[in-house]
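Since the structure comes first, as structure tokens, the remarks are kept for the end.
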Amino acid sequence: MVHLASTLVAGLAGLASVASAHPGHDVKAEAAERAAYLKHAPKHARSLNQCADKLRARGQERQNVARRAQMVDNLRRSKGLQTHVTGELIRTNIVEDQEGVPLYLDIQMIDTNTCDPVSDVYLDLWHCNATGVYSGVVANGNGNANDETNLDATFLRGLQKTDADGIVQFQSIFPGHYTSRATHIHVLAHALNETTVNKNNNTISGLYTAHSAHVGQLFFDQDLISAVEETSPYSTNTQELTTNADDGILSQEAEEIDPFVEYVFLGDSVSDGIFAWISMGMDATQDSEVTPAAYYTENGGVENENSGGMGGGGSGGPGGSGSGPMPSGSGGFPAPSGF
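The sequence shown lines up with residues -21 to -1, 1 to 318 when you count with mature numbering (1 follows the signal peptide of the UniProt record, and there is no 0).
Put into structure tokens, the structure is as follows:
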């Protein structure tokens, strides 16, 4: 992976591949779910290898290089991402009050059937904080299991709609780690034509029956993880650090695709921030129901009692009055299961 400013252009020219995987602190259950998903999602539906020539011929790589180089230049000048709404659930900036190394992500979704960018698809993104805690989940192994307020928390969760070039951008922090899993970020592409925006609270509809065309995980070079872990507050995390080499779910991914992001530093050290990018393959025709660990309603987070693993739920949803939409990336979808 690229991390030096002098190698920016050469690094941006590389087309990173697909990531596919899943969440939760129940690692055995997660590994089983992931194996089942990979069995039913053939390599050609997740890999971009067959699209490389077409993307190059269309000038897609050249456009990506120019866009990402301009974004890096803007970030270095402003030390911040030029975005629209902050603090909302459909949002680019998902940091809230979390401390950590700034991370700016540029993600492009490519349809593996046509090799075209996938526009107008909502992409969910979520990850744990610097000390290994997810928002929206109250469970053993996720910080203080007695802290019920975390069910209402929405930090490091967000959702964006891809543009005409299949691109979304997020401003976050570098994820921390928790026991038995390598450092990673979760992504979930909502099924096309299954998503409606609720303008009252800037979330998406589908509180109890969410559909997905792609679920995956993004990973980072071990050297980059090590550099980040030396900084605060990552260095205060007392959970065991699992390396990439020891992560079984990552090894499943790496057998067929490259789930690692490319990256550059925005300054002289990792603490100045990281710009990372990846192009991911998805089968835009896929429409699978997913089961969230919790629901985010107008009254806050509600745990899905019917789910397995780290929270979750069945299609019936919890009782009580909900706003209807589940802000994928907020209280909803801390740990979807079923893949």
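Even glycine gets a Cβ: it sits at the ideal position worked out from N, Cα and C. Keep in mind that this is a model prediction, so the values were computed, not measured.
- It is roughly 33 Å from the alpha-carbon of Pro212 to the alpha-carbon of Asn43.
- Shown here, Gly227 sits in a helix according to DSSP, grouped into three states.
- Of the residues assessed, Ala224 falls on the exposed side of the cut-off, its CB having fewer than 16 other CB atoms within 10 angstroms.
- A contact is defined here as three or more CB-CB pairs under 8 Å, and the stretch 144 to 153 meets this definition with respect to the stretch 78 to 94.
- About 33 Å separates the beta carbons of Ala263 and Val112, which is beyond the 8 Å limit, so they are not a contact pair.
- DSSP, reduced to helix, strand and coil, places Leu135 outside both helices and strands of the structure shown, so it counts as coil.
- With respect to the C-alpha of His163, the residue from Asp131, Val240, Asn129, Asp99 having the closest C-alpha is Val240.
- When secondary structure is reduced to three states using DSSP, Asp202 falls in the helix class.
- When DSSP states are grouped into helix, strand and coil, Tyr83 belongs to the strand group.
- Minimum Cα-Cα distance from Ile253 among the listed residues Arg160, Leu203, Arg46 corresponds to Leu203.
- In chain order, Val117 place their CB closer than 6 Å to the CB of Asn129, counting only its own chain and leaving out the 5 sequence neighbours on each side.
- Between the alpha carbons of Lys33 and Ala161 lies a distance of about 33 Å.
- Taken through DSSP and simplified to helix, strand or coil, Tyr213 comes out as helix.
- Nearest to Val74 by alpha-carbon distance, out of Leu229, Leu102, Ile152, Val207, is Ile152.
- Around Asp90, the same chain offers Val97, Met261, Ala263 as residues with beta carbons nearer than 7 Å, after the five sequence neighbours per side are excluded.
- A Cβ-Cβ distance of about 5 Å is found for the pair Pro238 and Phe198, placing them in contact under the 8 Å criterion.
- Per the coordinates, the alpha-carbon of Val207 lies some 29 Å from the alpha-carbon of Lys140.
- The continuous beta strand (DSSP E) containing Asp103 extends over residues 101 to 105.
- The C-alpha of Asp251 is placed about 11 Å away from the C-alpha of Val243.
- Under the three-state reduction of DSSP, Glu235 is assigned to coil, being neither helix nor strand.
- The C-beta distance from Gln218 to Phe134 rounds to 18 Å, too long to meet the 8 Å contact threshold.
- Rounded to whole angstroms, Leu102 and Leu167 show a C-alpha spacing of 6 Å.
- Per the C-alpha coordinates, the member of His165, Asn216, Asp95, Val194 positioned closest to Gly79 is Asn216.
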